[in-house]
Structures are given as structure tokens and as C-alpha cells.
Amino acid sequence: MKCYSRVMLRRLSVGMYGCAPGLRKSLVRRALVPVSATDSSSALSLCRCATTTLHPGLGGEIDDGEETHPDFQPRAVISNISKEEIDMIKKDVDDTIKEEDIVVFIKGVPEAPVCTFSKRMIDVLEALGVEYTSFDVLVHPVLRAYVKEISEWPTIPQLFIKGEFAGGVDIILKMAEQGDLQMLLDQKGIKHRDQFK
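Mapping to the numbering used here: the sequence shown position 52 is 51, numbers consecutive.
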């Protein structure tokens with residue numbers, strides 16, 4: 000297993016995730032970290048949120064008002080991500096998907112996924128004993144949006160095999176249980192364990 004990106008590791012001295020320095024190095028080494036992802040701009044998004052929330056089936060706009068807890072009130076997000084940075088991230092993703100046999104996009108890192116679905120995806124890959132490259136989609140909003148765009152799949156985690164989108168966690172888990180994932184890996188010439196547990 001290897002987790003890397005050509006864009007990352009430029010600023011290891013900057014704190015990430017609020018972790019202790021030793022743990023921070025482990026996390027940084029295993030994630031896509033564009034220069035600005037370690038700055039305060041990592042929380043910035045490419046989109047603007049609406050000032051009201053639409054509630055399907057309730058007839059349109061409902062003002063969230065002052066009674067809604069601040070954590071749940073929509074707020075505008077300013078984007079200062081440069082076109083060069085966006086292009087660099089997209090190129091890195093495209094190149095990695097083309098060059099690596101198996102690429103997985105998860106929330107978190109393989110040693111510490113931050114959602115159950117990402118953990119399940121890693122568990123499948125580990126059970127099959129395959130080597131893979133991973134990206135943490137939480138480190139940059141462009142990364143997360145772009146992988147969804149190229150796969151035309153709305154959720155994370157996502158698995159790419161030999162440059163092609165294979166599926167999200169439910170599809171991959173079902174394929175592994177039925178032996179279809181192992182057959183696909185065989186067809187692509189990727190070594191793996193035959194038994195899935």
C-alpha cells in the first residue's frame with residue numbers, strides 16, 4: 000500500500016488536524032496535501048451556500064432564523080483557490096488514476112478512516128491483500144469534488160482499478176462477496192488473495 004501525491008509534503012512543519020507532531024507526520028505522509036490545504040484556506044469551498052434552506056415536500060423556502068443552532072445555519076463560504084491550484088490537483092488525480100493499478104478515495108487515511116464506509120472499503124482491499132494508493136478527500140474541497148465529477152458517482156469512498164471507476168463501497172463489497180471483484184482483478188492482472196473474509 001502506498002499513499003502519496005506529487006503535490007503533497009511541501010509544508011510538513013505546519014500543523015494538520017491539530018495532531019501531535021509525530022502523528023501529524025504519519026497523516027501528512029499518507030494524504031494528498033496541496034500547499035494551501037495546510038493553510039487556513041483548507042476549509043474554503045468552491046461554492047456559495049444559499050441563505051435559506053429548501054425543504055423538499057414542504058413547499059419551498061424556510062428561513063432558518065435565529066432559533067437554529069449556529070452549527071446548522073447556512074453560511075456563505077469565500078473561495079480563494081487559484082485556477083493553478085485547481086489544475087494541479089486535477090492533474091495529480093488524473094495522473095495517479097492512470098499510473099497506479101488501484102486507487103481509492105476515502106475520508107481519512109487507511110490507518111484511521113473517519114467514516115464507516117471508508118473503513119469498509121479499506122477492509123475489503125486489505126482482506127484481498129492488494130496494493131493500493133489512497134487519497135484523503137477531506138484535505139481539499141477540489142479533490143473531493145473532482146473525484147465525484149470524473150466518476151459521476153455522488154459518494155465517497157470510490158475505487159478505481161487500472162484507470163477505470165469500479166464503484167463505491169456497497170458495489171465493491173458486493174462484488175468481493177460474490178467473487179466478481181477477484182475476477183476483475185484477475186482480468187486486470189492484479190495479484191490478490193482469492194478468499195474474501
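The C-beta atom is built at its ideal place from N, Cα and C for all residues, glycine as well.
{"Query": "Quick check on the DSSP output: the alpha helix (DSSP H) that includes D93 runs from which residue to which?", "Result": "82 to 98"}
{"Query": "Three or more beta-carbon pairs under 8 Å between the segment 77 to 97 and the segment 116 to 124, yes or no?", "Result": "no"}
{"Query": "Can you name, in chain order, every residue of its own chain whose Cβ lies under 6 Å from the Cβ of P109, other than the five neighbours on each side?", "Result": "I121, S133"}
{"Query": "Look at the alpha carbon of P33 and the alpha carbon of F104, and state the distance between them as a whole number of angstroms.", "Result": "Bear in mind that a pLDDT of 38 at P33, under 50, signals an unreliable position, so the model cannot answer this."}
{"Query": "So, with DSSP's three-state summary, where would you put E163?", "Result": "strand"}
{"Query": "Taking only runs of the alpha helix (DSSP H) that begin and end inside the segment 95 to 150, which ones reach a length of at least 4 residues, in chain order?", "Result": "115 to 127, 140 to 150"}
{"Query": "Can you grab the Cα-Cα spacing for the pair K97 / G162, in whole Å?", "Result": "5 Å"}
{"Query": "If you compare alpha carbons, which of G107, G128, M182, S81 is closest to R192?", "Result": "G128"}
{"Query": "Whole angstroms is fine: what's the gap from V102's alpha carbon to D93's?", "Result": "11 Å"}
{"Query": "Go to Q177, then tell me how far its alpha helix (DSSP H) extends in each direction, as first and last residue.", "Result": "168 to 177"}
{"Query": "Are there 16 or more other CB atoms within 10 angstroms of the CB of D227, so buried, or fewer, so exposed?", "Result": "Outside the shown range of the chain, which is 0 to 196, sits residue 227, and nothing can be said about it."}
{"Query": "In the structure shown, what three-state DSSP assignment does Q181 receive?", "Result": "helix"}
{"Query": "Which residues in the same chain have their Cβ closer than 7 Å to the Cβ of K147, if we skip the five residues on either side of it in sequence?", "Result": "P153"}
{"Query": "Work out the CA separation of D135 and E99 for me, nearest whole Å.", "Result": "16 Å"}
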